[in-house]
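*Asks:* Using mature numbering (1 follows the signal peptide of the UniProt record, and there is no 0), the letters of the sequence shown map in sequence onto residues -48 to -1, 1 to 980. In this text, a Cβ means the ideal position worked out from N, Cα and C, and glycines have one as well. Note that the structure is predicted; figures quoted are calculated from it, not measured.
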Amino acid sequence: MSRTAFPPGSALAPHLRRGRFLSRAAAVVAALATAATGAALSATPASAAPTPATAPALAPAPAATLVVKADQPFRPVTHVATGSLYGLADDATPSDDLVKAIKPNTFVQMAVGGKQQAKGDVLVVADKAARAGAKVVNRLSDYYAGWPYKFSWDTWPGVVEQQVKAVQASGVTNMAAWELWNESDNTWLASNGTYEDFWTKTFRQVRSLDPDTPIQGPSFSDNINDMENFLRNAVETDTVPDIISWHELINSGKIVTDLAKVDAIMKDLGISPRPISIEEYAAPSEVGIPGSLVGYIAKFERYGIHDAELAFWNGYGALGDLLTGTGGKPNGAYWLYKWYADMSGDMVTTTPPNATTGLDGAAAVPADKKQVSVVFGGGSGATAVKVDGLDKLDLGDTPGDTPGDTVHAKLEYTPSYGRTNPVAGPITISDTVYKVTDGSITVPVAMSSADAYHLVISGDGEATGLESTYRITNLNSGLALDTHDAGTSAGTLVNQAAVAGGATQRWKLVSTGSGLHTVVNAASGLVLGVKDAASGNGASAVVETDTGGNTQLWQVVPDGKGHNQLVNYDTGLVLAVDGMSKDPGAQVVQWSDTTVTSSGIGGTRVTGKLGKAVALSGANQYVNVPRGAVSGVTGDFTVSTWVNPTKNSTWSRVFDFGTGASNYMFLTLTNGAGLRFAITTSGAGGEQLISSTTTLPLNTWSLVTVTVSGTTGTLYVNDKVAGTNANLTLHPSSLGTTTQNWIGRSQYGGDPYLAAAVDDFNVYSRALTASEVSALATGQAGTGDVLRYTFDESAGTAVADSSGNGRNATLVASPAPATGDAAVPDHFWTLTPYLAITNVSVADGATVSGTATFTVDLGGAASGVSYTYIELNRGGVWLTDNTKAPGSHNDGLHPNLVVDTTAYPNGTYQLKIDAVGTNELTTEQTVSIIIDNPPAWAATSVYDTDDQVSYKGSVWRASWWTKNQAPGDPYGPWQEIVATPDGTAVWTPSRIFVAGDRAEYQGVVYQAKWWTRNQKPGDPNGPWTRIG
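#1: Beta-carbon within less than 7 Å of glycine 702's beta-carbon, same chain only, minus the 5 sequence neighbours each way: which residues are those?
#2: Could you tell me the alpha carbon to alpha carbon distance between threonine 784 and leucine 527, rounded to whole angstroms?
#3: With a floor of 3 residues, list each beta strand (DSSP E) that falls wholly inside the stretch 249 to 273, ordered by position along the chain.
#4: Give the secondary structure of tyrosine 779 by DSSP, where H, G and I count as helix, E and B as strand, and everything else as coil.
#5: Within a Cβ cutoff of 7 Å, which residues of the same chain sit near glycine 905, ignoring the five residues on either side of it in sequence?
#6: Straight-line CA distance for asparagine 651 to threonine 549?
#7: Whose CA, out of Leu274, Asn144, Asp535, Ser382, lies closest to the CA of glycine 243?
#8: In terms of residues, what are the limits of the alpha helix (DSSP H) holding glutamate 724?
#9: Have a look at alanine 636 and leucine 445 and give me their C-alpha separation to the nearest angstrom.
#10: Kindly indicate which residue of Gly748, Tyr741, Ile865 has the alpha-carbon position closest to the one of glycine 758.
#11: Kindly indicate which three-state DSSP category serine 122 falls into: helix, strand or coil?
#12: Nearest CA to the CA of threonine 301: which residue from Leu18, Ser942, Val792, Tyr369?
#13: Can you tell me the Cα-Cα spacing of arginine -32 and leucine 183, whole angstroms?
#14: Report the three-state DSSP secondary structure of isoleucine 217 (helix, strand or coil).
#15: Give the DSSP-derived three-state secondary structure of lysine 968 in the structure shown.
#16: When you compare the stretch 607 to 623 with the stretch 677 to 696, are there three or more beta-carbon pairs, one atom per stretch, that lie closer than 8 Å?
#17: Could you tell me which of Pro396, Met617, Ala404 sits nearest to glutamine 507, measuring between CA atoms?
#18: Can you check which of these residues, Asp899, Asp921, Val907, Tyr923, is closest to tryptophan 913 by C-alpha distance?
#19: Which value, in whole angstroms, describes the spacing of the CA atoms of residue 998 and tyrosine 248?
#20: State buried or exposed for arginine 226, treating a residue as buried only when at least 16 other CB atoms are found within 10 Å of its CB.
#21: Alpha carbons only, please: which of Ala888, Glu823, Ala768 is nearest the one belonging to serine 880?
#22: Measure the beta-carbon distance from methionine 299 to alanine 314 and round it to whole angstroms, keeping in mind my assumption that it falls under 8 Å.
#23: State the DSSP-derived secondary structure class of aspartate 343, mapped to helix, strand or coil.
#24: Between the alpha carbons of aspartate 42 and glycine 269, how many angstroms are there, rounded?
#25: Could you tell me the boundaries of the beta strand (DSSP E) in which tryptophan 198 lies?
#26: Mind checking whether threonine 276 and threonine 45 have CB atoms under 9 Å apart?
#27: Can you tell me whether alanine 361 is buried or exposed? The criterion is at least 16 other CB atoms within 10 Å of its CB, across all chains shown.
#28: Does the pairing of the stretch 807 to 821 with the stretch 857 to 877 give three or more beta-carbon distances under 8 Å?
#29: To which residues of the same chain is glycine 626 closer than 6 Å at the C-beta, ignoring the five residues directly before and after it?
#30: Taking tryptophan 459 as part of the beta strand (DSSP E), name the residues at either end of that continuous run.
#31: State the Cα-Cα distance for the pair alanine 1 and proline 305, rounded to the nearest angstrom.
#32: So, residue 990 versus threonine 730, is the Cβ gap smaller than 9 Å?
#33: In the structure shown, what three-state DSSP assignment does proline 109 receive?
#34: Do you know offhand how far isoleucine 381's Cα is from leucine 363's?
#35: If you check the beta carbons only, do glycine 272 and glycine 39 fall under 9 Å apart?
#36: Spatial neighbours of glycine 675 within its chain, please: CB distance less than 6 Å, with the 5 preceding and 5 following residues excluded, ordered by chain position.
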């Protein structure tokens, strides 16, 4: 199916059903089922479906955890989901490099010489597919143009014969199967007879011409309600397809129930298990969105699908919309499939928290068991991947550790900026070393539901750490992350401010040991959080007391260009600036990374057809109608409104009421050919339609009206009938309680918003007559008894309901989608590190004497250090002058200051340290010291044993009675007393040591073997033994 699959004039006609029962399977089935790489349908699911770091200290609730059993392989890696419908345009498009990189399994392509599309002929692309190691399926029905196909029994047998002979003559060796017809539930007309009769005749003709190539079918859309009837006829006529095929075009969760349904039918009919092909998958709103596609990959692998192909919704030659267009560049989803393609060995068991929705993933272990590769996505906020069985693999060890004790985990992601926006490649979030406990590690992820993630676990690799203190500036504004008015109390709002040196603009990242961090404000010690732990867009950032909550944990996600997103672990939203403001004082908020930071109001009032109208710009503006507004309409109904379009964007909605992409009622300005009304409870494949070739004129008021009387639907433009369908059986009540009721917006996320003025919107609980529609077309005001919006308010967001039901609507502007990093610069922050003072050789409050060397140790690389001031200060007066001249002792990672403390009076002093980085940020620290020196030596004084004096910058101790003998003679009465900061004696020539004394000399510790003085350590025959 494609979005061009519903041209005008295609009222769908249900085909007749009949049932007789015979039982005989084609001989080829058993051989194919045995030889197929993929498991047959009836196979049991592969898994149950519902800074160096240690194992994570924080683990999310089980409901948010994907569990991987790395020691439980269940099938070989075959990349079952990497193919696509019309993924190849011709032998050159897309490039071989792009195709080969995703290791495609199978392409479904147009019949030889087909007319359904301009390109995609199976024989034109077969060699290209083969070069990439892929097979091709010939979709015979695509020989015809049109939708429904312009089929004729007069030409069909000849078409089939020509197709088979053309393929046989070509010599291609990678033909996977014949697909006889596409989506009979949408395209087979009752005027052609029964589809079962067509299947029987065509199957037999193809098998008579080609006894070996598998035949697959029935190739239904996502509506498989006729599967039992089809298979019953196939059993009766001995035409059971070798491969059972259908499409999954709503969401990945539907796969589970559809497989169970088909499995039950096959068992009931006695059909042996056989391969399953999902020839088209993913909804229009999902293609190109990596997070939406992970669930398909995971379930296809888990449930043993033989092959699956991405749907063709937009353009051929785009690998199923993994590229931005025909022959385009990779988008975010492409890199998910590149990760998947890089898997080898065996798929291993994965168990998601929910069998059908949300977080899911697939994992593989190569033959050498030296790695685990996991692709995952679909979750939001606080999620995790738990990998068990690591002790059963051959991951080796991390240098310095016992084998198996630790593993290296690389976490990366591919961002989602929409199908048509290129993404250069995956981005690494973190490299972390995890301690393995009972064969398991748990990796937390602050997840965005639109992105996909890749976890690679191996036995080697280096951890990268972010723990440091930073100035954090916004990429958009250049302003610094700060607290409001430099506040330091809990609950203070966080905003952006002009860059300054204040402590409230210093933020320390503190690792939890699992790739997550708390962000601590240096001035207050409070942590960055979200006000009231709110979960939605626009919630304010605050500083608050650390409670250990998930809203206070952040994942730092780089963009590969020197900037980072700060992603809240609890919500999956990113730190941003309200309204993308560049002004100082603007509030910092959390926001979805897939939309522009804005909460603007849309829809201005303009002159309408009848009074005022609402003008919708086409840029994310729409009218939000209350929940269940039309759900009580059980029978006939009418929807009528005036529309003045400024642009006829394909698939833009006049209105769309429903619950999502599988349950809705809409009127679109054009499906590419004209107006269309549709109502369905089973997705695009189940739509009941009124189609038209009429397109509304631009900048002109036109009345559009849909009436349904009994089963007859009529579409009017002004007072003229534009389309009809006599087979409408669904009503608004069929949709249940609709939660997404919009004027100007589609249930499909990829569709454009309405660019038009809208006036006098009415819904009636009856079918208006043709004369009543004609009266409205003359300018008579509507009188809808379900809804009536005149849009006559002077301004504001409120839209009054004049029907008397009080169903007032709201004008809104949903955030614009982010088309790339450049569209959301306020989502990115520059982390500029302050130099880390990791150690000062003297403790705060320590006592020093004599000549003291104060050494400061800095973290990081020496290239990041500009200079360091280390100054002695007392009472605000600088006592030393440590210059910053190049080559002096204050550069590098270990600057020091040497001070003759005997030159200063005893007392308390401050050691002031200013470490200045090459980024011009200064880290400051002050250490208090006490200078306590004995009195200076005097020639006239008498000294006795153990008396101490200060002399020439050192402290000396008398060994016996002395007078008028100056310290310094190594054999005299004075011993020079020097010690390291930890109290270890330092060897000096005059000091006396006895057996057992320890002394440091040139950085090495020695122990005396006997009494010694003035004998340097180091002589192997001397009095000293080296001990450290």
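*Replies:* In this structure, then:
#1: Short of 7 Å from the beta carbon of glycine 702, and not among the five residues preceding or following it, lie these beta carbons of its own chain, in chain order: Pro236, Ser237, Arg371.
#2: 17 Å
#3: 259 to 262
#4: The identity of residue 779 in the sequence shown is histidine, whereas the question assumes tyrosine. Of the three classes helix, strand and coil, the one that applies to histidine 779 here is helix, per DSSP.
#5: When the five nearest sequence neighbours on each side are left out, the beta carbons in the same chain lying within less than 7 Å of the beta carbon of glycine 905 are those of Gly802, Thr803, Asp852, Thr854, in order along the chain.
#6: 31 Å
#7: Leu274
#8: Where glutamate 724 is concerned, the enclosing alpha helix (DSSP H) stretches over 722 to 729.
#9: 47 Å
#10: Tyr741
#11: Helix.
#12: Nearest in C-alpha terms to threonine 301, of all of Leu18, Ser942, Val792, Tyr369, is Leu18.
#13: Because arginine -32 carries a pLDDT of 25, less than 50, the predicted location of this residue cannot be relied on, and no value is offered for it.
#14: helix
#15: In this structure, lysine 968 counts as coil in the three-state DSSP scheme.
#16: Result yes; three or more Cβ-Cβ pairs closer than 8 Å.
#17: Pro396
#18: Asp899
#19: Residue 998 lies beyond the residue range present for the chain, which begins at -48 and ends at 980; the question has no answer from this structure.
#20: buried
#21: Glu823
#22: 7 Å
#23: helix
#24: 7 Å
#25: 195 to 200
#26: no
#27: buried
#28: yes
#29: Within the same chain, Cβ atoms closer than 6 Å to the Cβ of glycine 626 are found at Pro(-41), Ser644, Thr645, Thr646, Thr647, the five residues on either side in sequence being excluded.
#30: 459 to 463
#31: Residue placement at alanine 1 is poorly supported in this model, since its pLDDT is 32, which falls under 50; the coordinates still yield a value, given next. Whole-angstrom Cα-Cα distance: 8 Å.
#32: With the chain running from -48 to 980 in the structure shown, residue 990 is simply not present.
#33: helix
#34: 5 Å
#35: yes
#36: Ile642, Ser643, Ser644, Leu667
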